[in-house]
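In this note's numbering, the protein residues as written are 97 to 524.
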């Protein structure tokens, strides 16, 4: 059984065979009506689009600006995975099989000289280990374990074997990644060829589930073992009809599939989501694969692919005429009824009636108290709200799955989207 096979680790130092030529990458803009060869496929409630909205808008001051200062444009590729339980989990795929008219099929892995991209994970928690203290910022909140990842599908030189290679940089001690949230709310650049360590405890790991299951300390180690393997041709036929196009994992999933299938049918994909609810993909004693991605929200942008030193950068952007999200002013009562799938942002005003760590609660007299959450990390100031003060804040209205059923939706924001009103003078 796949999940029980031992993991073979390759740490042999190797040099990428193809020599990278120092040339500036050509930048290609990808929009919904000009996909430049990219294709988006989703399964089981997942969603994926090229957008100018999402969590980066209300979690950050500078929305599409990376931590290293690079301006990423007005939008990005954005994928979400639902919380739904039971059955086949959701997954989202962004696939490519040609670069500027040149097919990727037949390209040996050793010829790939550049793969780097910017990625961002939302900082809204998806689980808690202590429901009784769900409003407190005390380490109770957890998040999806990995970012949107590059996956390559390749075949052996004789065409008889087929494998997928997954780039999984989070958490150098665990293949699955980590769920503490420290890499969330940041646009980080990931270099999958010459790993750049954009965050703590990361690694340039590549993984293949086999057989045999293997993890590689670097892309150079992949090339050492599989450099002559080549990217597979695009499959336009579903697995059920004898092809390799499917988001499924085996005959029990919906749709049926195999580990070496892709939902897009292409050889290069950005993928997020588990393809089967329970499977020991990474560790023999951990089978609940769907938990690793449930509730995921994240972006990818500015992907650079280089073959034999020739590089192309893909800048994912929304429709040219796309308008940014509106900020609408509402009472707490109105805000509590905003649809969870709305891209509009909400502005509310009220008096602080509760405060704990990164949480504050505003009462505007409409009969609803709205809790707000901001993000506390090394670059975010302390929660400025104090009891009895009057504040106006704007952000996104969304529930979390572990809050009490009688609580209205929460407003998610950051310190720079909060404005304090002057205290009213006391006395006559």
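We treat Cβ as the ideally placed atom computed from N, Cα and C, and that holds for glycine. In this text the structure is predicted, and so the values were computed from the model without any measurement.
Taking C-beta separations shorter than 6 angstroms and ignoring five residues to either side along the sequence, the partners of residue 418 in its chain run 148, following chain order. By the 16-neighbour rule on beta-carbons within 10 angstroms, residue 309 is buried. Residue range 428-431 is occupied by the alpha helix (DSSP H) that includes residue 428.
A Cβ-Cβ distance of about 23 angstroms is found for the pair residue 302 and residue 283, leaving them out of contact under the 8 angstroms criterion. Checking the DSSP bridge columns, you'll see residue 442 partnered with 424 and 491. Taking one beta carbon from each stretch, the region 124-142 and the region 180-198 have 3 or more pairs nearer than 8 angstroms; the two touch. Every beta strand (DSSP E) of 3 residues or more that sits fully in the region 248-301 is shown, in chain order, as 258-263 and 284-287.
In the structure shown, the three-state DSSP call for residue 470 is coil. DSSP places residue 236 outside any beta strand (DSSP E), giving it a letter other than H or E. Under the 10 Å beta carbon count, residue 381 is surrounded by fewer than 16 other beta carbons and is classified as exposed. Here DSSP, grouped into helix, strand and coil, assigns residue 321 to helix.
Judged by beta-carbon spacing, residue 507 lies within the 8 angstroms limit of residue 466, meaning their Cβ atoms are closer than that value. DSSP, reduced to helix, strand and coil, places residue 205 within a helical segment of the structure shown. DSSP places residue 154 inside the alpha helix (DSSP H), whose first and last residues are 151-155. Only residues of its own chain outside the window of five on either side were considered, and among them 510 and 512 have a CB closer than 7 angstroms to the CB of residue 157, listed in chain order.
Residue 219 is bridged by DSSP to nothing; it lacks a bridge partner. A contact between stretches requires three or more CB pairs, one per stretch, nearer than 8 angstroms, and the region 161-172 fails this requirement with the region 357-368. Within its own chain, the residues whose Cβ lies closer than 6 angstroms to the Cβ of residue 177, once the five positions on either side in sequence are excluded, are 142, 186, 369, 389 and 392, listed in chain order. Counting only residues of its own chain and dropping the five nearest sequence neighbours on each side, residue 212 has a CB closer than 6 angstroms to the CB of 287 and 400. In the structure shown, residue 387 falls within a helical segment according to DSSP collapsed to helix, strand and coil. Counting only residues of its own chain and dropping the five nearest sequence neighbours on each side, residue 180 has a CB closer than 6 angstroms to the CB of 141. One Cα belongs to residue 120, the other to residue 377, and the distance between them is close to 38 angstroms. Of all C-beta pairs linking the region 245-257 to the region 431-446, fewer than three are shorter than 8 angstroms, placing the two stretches out of contact.
Counting only residues of its own chain and dropping the five nearest sequence neighbours on each side, residue 123 has a CB closer than 7 angstroms to the CB of 409 and 411. The beta carbons of residue 214 and residue 152 sit no closer together than 8 angstroms. Annotation for residue 507: the continuous beta strand (DSSP E) segment containing it runs 506-508. Per the Cβ contact rule, the region 315-324 is not in contact with the region 332-341 (fewer than 3 Cβ pairs under 8 angstroms). Here residue 189 carries a strand assignment [DSSP, helix/strand/coil].
In this structure, the CA atom of residue 503 is about 37 angstroms from the CA atom of residue 351.
Setting aside the 5 residues that flank it on each side, residue 231 is surrounded in the same chain by 452 and 455, each with a C-beta closer than 6 angstroms to its C-beta; the list follows chain order. Shown here for residue 462: same chain residues with a beta carbon closer than 7 angstroms to its own, the five before and five after excluded, namely 427, 428 and 429 in chain order. The beta carbon of residue 294 is closer than 7 angstroms to those of 284, 285 and 286 in its chain, skipping five residues each way along the sequence. Measuring C-alpha to C-alpha distances from residue 274 to each of 289, 448 and 296 identifies 296 as the nearest. Pairing residue 244 with residue 160 gives a Cβ-Cβ distance that is not under 8 angstroms. As summarised for the region 363-415, the continuous beta strand (DSSP E) elements at least 3 residues long and confined to that stretch are 364-368, 393-403 and 406-412, given in chain order.
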